[in-house]
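Presented below is the structure to which this report refers.
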Amino acid sequence: MTTTLPRQPFHVVIVGGGGTGGALAHDLVLRGFRVTLVERGEVTSGTTGRHHGLLHSGARYAVKDRESAVECIEEREILRRVCPGTFEENDGLFVAITDEDVAYEPIFVESCLASGIPARRVSREEAFRLEPNLNPDLKMAVQVPDATMDAMRMPLRFFASAKAGGAIIRPWTLVTELLVTDHLVSGIRVRDLTNGVEEEIRADLVVNATGPWAEQVAVMAGCDVPIRPSPGVLLAVRGRWCNMVINRLHPSGDGDIVVPQRDLSVVGTSSWVVEDPDDLGVPEDHVERMYAEGAMMIPAIRTAVRRAAWSAARPLIGSKDAESGRELSRTFKCFDHRETDGVEGFVTISGGKGTTLRAMAETTADVICRKMAVEAPCRTREVVTLPHAAYYAA
Amino acid sequence: MIETVTDSRTTRVVVSRRKEGDDPGVLRYDTFDVAVGARTTILDALVAIRRELDPTLTFRHSCFHASCGTCGMRVNGREGLACVTPVPAGDEVTVEPLGNLPVVSDLVVDMDVFFDDFDDAGRPLIRSCEKIPGAEKAAGIDELQRFEDCIECGICLSACPVAGSDPRYVGPAALAAAWRVVEEPRGLATGPVVRLMDDEQAAWRCHLAWECSEACPSGVDPAAAIMRLRRSAVGARARRLFSFGGNR
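Read top to bottom, the protein sequences are chains A and B. Residues in the first sequence are numbered from 0 upward in steps of one, following numbering that gives the first Met the number 0. Residues in the second sequence are numbered from 0 upward in steps of one, following numbering that gives the first Met the number 0.
Encoded structure:
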């Protein structure tokens, strides 16, 4: 490996222990950096762990958000390679229930294929053979390579690998201050919540990987990030009502997906925007909509026993004018605050989704290498990550 | 909160605040008054406490729907996942960390100990999926798959009376994982797993209290798995005796 890393490697501090932070720690360790990651709670406790567990084929975005669709199908293949044995690979069906849904099929299939996503038309009869619990009104369906992940255990593989590579992962560590002098971020001040000890952690560079909290953290350095925390409600009911991921074949909307997970079925999701990602609530009318829309695809969901209903905040990049969050792209962006705010030593990564955590890390690590004039290629496309349980190895 | 709570009440939440290294004989609790509704879970209450009353409160959580297994704790003395345990009726509820694992901070326990035993069982995360009646596989799919039921929460270990009296016992979760390897090897050798679990501190240590299966939030039934593992162990011993004694 060619590298111009100095004998004392650069120290990067990552704020935020979601999937992005974990994947970035793994990436940077492989490139020879010293890494410390801090997270105020348990790792994956913000947005990462709360999603429905879809490993996106990208089909959901193919028609209106081509960039995200292509990202997803590429990352899907890479993640299957570097996280073997981590996905329920049963594919997915986009199901057409109404005539309107059927009318959406040509542009959907065409857009999938144009994005490099395999999409196969499935007759009504075949769809019922694959998934007997589908709505009897079903007209036809499209098979795509969706899969299911464990929303915590997949990212945990990256944390485990980073830790084994020497990264220091510190959950229950609250950032109280960013150390800024003369437009330069030189570290963070933290409080270890397990023992109350406060300390400064010096860094050559600080990365803000706090997802929907990115604006709150950026403000601590006098910087701005155009993040819209956009929560959605998810509903888990008892019973595994499908083996494949079931999506409604129409433009993305509320309650358009059912993801099987162990012996549960997860219905998602709604979308609105909030100011504070810590204050979401679970609007009961949104839960009702999940039941109603989920039952449009699988009628048994209507009467299935509720296991849990919760909210998760997406970290969408967009203007303050966004109203529902649906109009915003699911792609991600890395902000070098020297360029956006004139502040050196500080980078924010946000946007994106669980499926693209590795790509977000690669992009961010590329920016960091460029900033620090380090020549070290990304290796996370090839290096197989450790099993999730290795994270707990003492 | 957008939710309109018509049945809102205030509950006193009593939370254990012990830290690693504290004298195990000394108990420390803090109390917080929290507004709760009919749907408020223990996890919702803890998140509200952290946001509004005490940002230093530490607890584990991730998925909010009984899938990740991080929020196992004891509520009024009974093990459960905080994310699917409603705040019980009454004026007060006590929340404590899982038992039989070392406390790190407040409601956080050290899971390394749990995974040490678990890893010995070597169970893969993905299993073959029992079919929905009538369901066929889609084109290109070799075998329907799903995640193992066990979510590695540590609740069975906390509920186990034997683990409480003897930390050498490998515990119900590891034994249930071992049984899954025997039941569905997925290319792994079952002999070493059976031999590892055929031990006085493993399959033979269980006293049949069935507390583990009672407490499991994910339908694993470790007690039944332990009984099956015993039968496998006896069978394996018999086969070894037979092959050494008469069959050569």
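The beta carbon of each residue, even a glycine, is placed where N, CA and C say it ideally should be. Note that the structure is a prediction, hence the values are computed from the model and not measured.
CA-to-CA distance, residue j to residue i, given in whole angstroms
i	j	result
A/E296	A/F107	Reading off the sequence, residue 296 of chain A comes out as Met, not Glu. Each residue's Cα considered, the two are about 18 Å apart.
A/L92	A/Q142	5 Å
A/V174	B/L124	34 Å
B/V33	B/T9	5 Å
B/T40	A/Y290	20 Å
A/I168	B/R236	45 Å
B/L52	B/G24	27 Å
A/C82	A/L129	27 Å
A/T355	A/C71	6 Å
A/G18	A/S160	13 Å
B/L174	A/C377	40 Å
A/G15	A/I300	35 Å
B/W203	B/R227	11 Å
A/V281	A/S310	6 Å
A/W171	A/H25	20 Å
B/G20	B/D105	12 Å
B/E129	B/D197	28 Å
Same chain only: Cβ atoms within 8 Å of residue i, ignoring 5 sequence neighbours per side
i	result
A/K332	I316, I348, S349 and G350
A/V273	P228, S229, P230, L279 and A312
B/G190	A235
Chain-order list of residues whose beta-carbon lies under 6 Å from that of residue i (same chain, five-residue window excluded)
i	result
A/H10	R33, A202 and D203
B/G68	I150, E151 and C152
DSSP three-state assignment for residue i, whether helix, strand or coil
i	result
B/C248	With chain B represented from 0 up to 247, any question about residue 248 of chain B goes unanswered, as that position is not in the structure.
A/M139	strand
A/V373	coil
A/Q215	helix
A/M243	coil
A/I72	helix
A/T43	coil
A/G186	strand
A/V286	helix
A/Y60	helix
Within-9 Å CB hit, residue i to chain A
i	result
B/F31	no
B/D148	yes
B/G218	yes
B/V103	yes
B/I1	Any answer about B/I1 is weak, because its pLDDT of 44 lies below 50 and its placement is not dependable; what the coordinates show is given next. It does: the Cβ of B/I1 has a partner Cβ on chain A nearer than 9 Å.
B/V83	yes
B/M110	yes
B/T55	yes
B/A34	no
B/Q200	no
Within-9 Å CB hit, residue i to chain B
i	result
A/M0	For A/M0, the predicted structure reports a pLDDT of 49, less than 50, and the residue's modelled location is therefore unreliable. A value from the coordinates is still provided. Not one chain B Cβ lies under 9 Å of A/M0.
A/W171	yes
A/P211	no
A/S67	no
A/C333	no
A/G353	no
A/C111	no
A/L137	no
A/G221	no
A/N132	yes
A/V205	no
Any non-hydrogen atom of the ligand PLP within 8 Å of residue i CB
i	result
A/N194	No copy of the ligand PLP occurs in the structure displayed, which carries no ligand at all.
Neighbourhood of residue i by C-beta distance below 7 Å, restricted to the same chain and skipping five residues each side
i	result
A/I200	V12, T35, G186, I187 and V189
B/S231	V181 and V193
B/A250	This structure cannot speak to residue 250 of chain B, because chain B is shown only from 0 to 247.
B/N246	Here the model assigns B/N246 a pLDDT of 41, short of 50, so the residue's position is not dependable and the matter cannot be decided.
State whether the stretch 152 to 160 of chain B contacts the stretch 72 to 82 of chain B, with contact taken as three or more CB pairs (one from each stretch) at a distance under 8 Å. The stretch 152 to 160 of chain B makes contact with the stretch 72 to 82 of chain B; the number of CB pairs closer than 8 Å reaches 3 or more.
Does the stretch 47 to 55 of chain A come close enough to the stretch 141 to 155 of chain A that 3 or more CB-CB pairs lie under 8 Å? The stretch 141 to 155 of chain A vs the stretch 47 to 55 of chain A: in contact.
For the structure I just gave you, are there three or more beta carbon pairs, one from the stretch 187 to 207 of chain B and one from the stretch 50 to 69 of chain B, closer than 8 Å? Cβ pair count under 8 Å is below three, so no.
Three-pair Cβ contact test at 8 Å for the stretch 158 to 166 of chain B versus the stretch 95 to 112 of chain B: Yes, since at least three Cβ pairs between the stretch 158 to 166 of chain B and the stretch 95 to 112 of chain B fall closer than 8 Å, the two stretches touch.
Flag this pair as touching only if the stretch 202 to 217 of chain A and the stretch 65 to 80 of chain A have three or more C-beta atom pairs under 8 Å; answer yes or no. With the cut-off at 8 Å, the stretch 202 to 217 of chain A and the stretch 65 to 80 of chain A do not touch.
Touching by the beta-carbon criterion (3+ pairs, under 8 Å), the stretch 335 to 346 of chain A and the stretch 364 to 372 of chain A: With contact defined as three or more Cβ pairs closer than 8 Å, the stretch 335 to 346 of chain A and the stretch 364 to 372 of chain A are in contact.
Report yes or no: do three or more beta-carbon pairs, one from the stretch 120 to 140 of chain A and one from the stretch 92 to 101 of chain A, lie closer than 8 Å? At 8 Å Cβ cutoff, the stretches touch.
If we count Cβ pairs, one from each stretch, closer than 8 Å, do we get three or more for the stretch 234 to 246 of chain A versus the stretch 130 to 147 of chain B? Cβ pair count under 8 Å is three or more, so yes.
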